[in-house]
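Peer 1: Structure incoming, see below.
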Amino acid sequence: MEGALPLIALVTVVVSTGAIIVAAHFRKERVTELKAWAHEHGWEYVEQRSLPLEGATLPDALRGHDPRARHVLSGHRGRHPVTIFELTHTADRRGGETTTHRVVAVGTPGPGADLEIHRRDLARTVSFDGRGAPAQVEVSFSGAFHTVGADEHFTRSVLDHETAAWLLSDCRSRSLPIRFTGDHILTWAPMRLDPDRALTAAGYLIDLVDRIPDRAWGGHSTGSGS
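Take the sequence shown: its letters are residues 0 to 225, numbered as in numbering that gives the first Met the number 0.
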């Protein structure tokens, strides 16, 4: 039995070393793939960055122990600046699991107040038809979405009748939560970064920003709006 202990220890070391080598290989392979994607699309890639969204306050869902922003891609979709990355939180001493979220952020025409828009439980019977009188749209929106805003004027400017009706009728709003913060609008999902899928989410944010009236940005907007 005593002779078996060194052998067990040796096997453990070999297995651990092998796992580290394999993980390093896949990490290097992924970095190479993302660099190639960035080069092809004319974007910038950074493997790790401490503050990819300067001045932004992240939602509670993206807060945790030892946050690390990795695989940061930044570029433009038309005239809109876009940043996408993975945000990872490692398990703390109390346990738990390492979590990874894909974050997609689009620059806004000007600064806005913090505002989150979350879909409610889709199991509830809610009309997602954006048509109807303002009062009908308001009732449908309240039943379909939960909003938390730091400034009532900004919230009302963003969620006017036209924008609320659009959010109700656009199916992407069912799976993509939204947060306005600083000079950004962002969305997140518990998944690894897939650049092409992230661009789909960016397109949703851009469509939303382009529908928000200029007055929401305190007169700083240069984009379209009504």
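We put the CB at the ideal spot given by N, CA and C, even for glycine. Source: prediction; values computed, not measured.
(1) In the structure shown, what three-state DSSP assignment does proline 194 receive?
(2) In terms of residues, what are the limits of the alpha helix (DSSP H) holding threonine 146?
(3) Using a 10 Å radius around the Cβ and a threshold of 16 neighbouring Cβ atoms, would you call proline 133 buried or exposed?
(4) Please give me, in chain order, every unbroken run of the alpha helix (DSSP H) with length at least 4 that falls completely inside the stretch 147 to 192.
(5) Determine the burial state of aspartate 182: buried for a count of at least 16 other Cβ atoms within 10 Å of its Cβ, exposed for fewer.
(6) Can you give me the C-alpha to C-alpha distance between glutamate 151 and tryptophan 165, rounded to a whole angstrom?
(7) Leaving aside the five residues before and after valine 45 along the sequence, list all residues of the same chain whose C-beta is less than 7 Å from its C-beta, in chain order.
(8) Using a 10 Å radius around the Cβ and a threshold of 16 neighbouring Cβ atoms, would you call histidine 100 buried or exposed?
(9) Output the distance between the C-alpha atoms of alanine 68 and histidine 117, rounded to the nearest integer angstrom.
(10) How would you write the range of the beta strand (DSSP E) that alanine 112 sits in, first residue to last?
(11) Just how far apart, CA to CA, sit leucine 61 and histidine 38?
(12) For the putative contact between valine 138 and valine 105, defined by C-beta atoms under 8 Å, what is the C-beta separation to the nearest angstrom?
(13) Once DSSP output is grouped into helix, strand and coil, what is the label at isoleucine 211?
(14) Just to confirm before moving on: does the CB-CB distance between proline 66 and leucine 50 stay below 8 Å?
(15) Provide the residue(s) that pair with threonine 87 in DSSP beta bridges, ordered along the chain.
(16) Taking the C-alpha atoms as reference points, what is the distance between methionine 190 and isoleucine 211?
(17) Can the beta-carbon of leucine 167 be found less than 8 Å from the beta-carbon of phenylalanine 140?
(18) I believe histidine 145 touches arginine 119 by the beta-carbon criterion, under 8 Å. Please report the beta-carbon distance rounded to the nearest angstrom.
(19) Of all the options Arg173, Leu158 and Arg78, which has the alpha carbon lying nearest to the alpha carbon of alanine 215?
(20) Per DSSP, which residues does proline 80 bridge with? Please list them.
Peer 2: Let me lay it out:
(1) Note: proline 194 maps to helix in three-state DSSP.
(2) Where threonine 146 is concerned, there is no enclosing alpha helix (DSSP H), although the beta strand (DSSP E) it sits in stretches over 144 to 148.
(3) exposed
(4) Taking only runs of at least 4 residues, the alpha helix (DSSP H) segments lying wholly in the stretch 147 to 192 are 151 to 157 and 160 to 168.
(5) buried
(6) In a straight line, the C-alpha of glutamate 151 is about 20 Å away from that of tryptophan 165.
(7) Val71
(8) buried
(9) 23 Å
(10) 98 to 118
(11) 28 Å
(12) The pair is not a contact, with the Cβ atoms about 29 Å apart (cut-off 8 Å).
(13) If DSSP states are grouped into helix, strand and coil, isoleucine 211 belongs with coil.
(14) no
(15) DSSP output for threonine 87 lists Arg67 and Thr99 as bridge partner(s).
(16) Distance between methionine 190 and isoleucine 211, taken at the CA atoms: about 28 Å.
(17) Yes, they are a contact pair.
(18) 6 Å
(19) Leu158
(20) His75
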